[in-house]
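The next block holds one structure in the form of structure tokens; read it before the comments.
Residue numbers (our numbering): 4 to 229.
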């Protein structure tokens with residue numbers, strides 16, 4: 004059975020295929036569908052729902068969509084929903100859009116912005132814990148909101164996180180297994196970055212893996228996969 008994934012990100016397709024091995028995970032490009040829907044939501048959930056509904060209107064079949072990003076506590080949760088378009092400190096004040104910025108530059112700028120905030124005392128804690136950071140001043144988390152959309156008024160939502168910290172210097176980034184911000188996202192429990200752990204380890208603990216497994220339990224019932 005096909006499960007449409009409202010994304011053009013082949014790394015996400017690979018991860019979802021590993022999590023849903025009993026399904027044929029299909030992205031729009033696989034079937035020649037031109038799909039590049041604008042994300043206008045204010046939360047991860049809103050963006051995932053926008054994408055899911057847009058693709059459902061085209062294919063008329065169950066669609067999974069996710070929106071995810073990295074949230075740094077000392078930066079007030081930035082870059083958050085703007086992770087893929089992050090363009091450094093100036094972007095967080097409105098300009099410029101970093102959509103065409105390389106991932107390596109985005110990673111470098113995020114580390115630099117965090118270092119500047121911590122050294123200048125301008126950090127803005129986002130976790131609502133009176134300035135206490137769960138993993139120290141460099142604490143951060145990945146967040147993933149995932150939607151299974153089956154038609155108007157029929158949808159299921161899961162949101163999960165993966166906790167970690169941001170490495171101190173660009174040269175501290177390590178690993179080849181991940182993508183995006185994974186090389187700078189350090190997992191204290193493992194003593195490795197998210198890009199250093201194996202795909203199986205990552206799927207077991209990642210924000211997307213945990214959200215997908217919760218959604219899979221629902222899918223097993225509503226899509227009769229069990």
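Think of the CB as a built atom: it goes at the ideal place given N, C-alpha and C, for glycine as much as any other residue.
Under the DSSP assignment, residue 60 falls in the alpha helix (DSSP H) whose first and last residues are 47-62. Taking the Cβ atoms as the reference, residue 189 lies roughly 11 Å from residue 200, outside the contact range of under 8 Å.
Uninterrupted beta strand (DSSP E) stretches at least 3 residues long and entirely within the segment 136-213 occur at 142-152, 158-169 and 188-190, given in chain order.
Ranking 46, 17 and 41 by CA distance to the CA of residue 182 puts 17 first. Taking the Cβ atoms as the reference, residue 145 lies roughly 4 Å from residue 165, within the contact range of under 8 Å. For residue 117, the CB contacts under 7 Å within the same chain, skipping 5 residues up- and downstream, are 75, 77, 78, 141 and 169 in chain order. Taking every protein chain shown into account, the CB of residue 25 has fewer than 16 other CB atoms within 10 angstroms, so this residue is exposed.
Under DSSP, the beta-bridge partners assigned to residue 5 are 27. The segment 199-218 and the segment 153-161 touch, with no fewer than 3 CB-CB distances between them shorter than 8 Å. In the structure shown, the three-state DSSP call for residue 105 is coil. In the three-state reduction of the DSSP assignment, residue 11 falls in the coil class. Annotation: residue 222 to residue 9 spans about 16 Å, alpha carbon to alpha carbon.
In the three-state reduction of the DSSP assignment, residue 36 falls in the coil class, being assigned neither a helical nor a strand state.
Around the CB of residue 126, 16 or more other CB atoms lie within 10 Å, so the residue is classed as buried. The beta carbon of residue 110 sits closer than 8 Å to the beta carbons of 173, 176, 184, 186 and 187 from its chain, once the five residues preceding and following it are set aside; these are given in chain order. When C-alpha distances from residue 225 are compared across 157, 41 and 178, the shortest belongs to 157.
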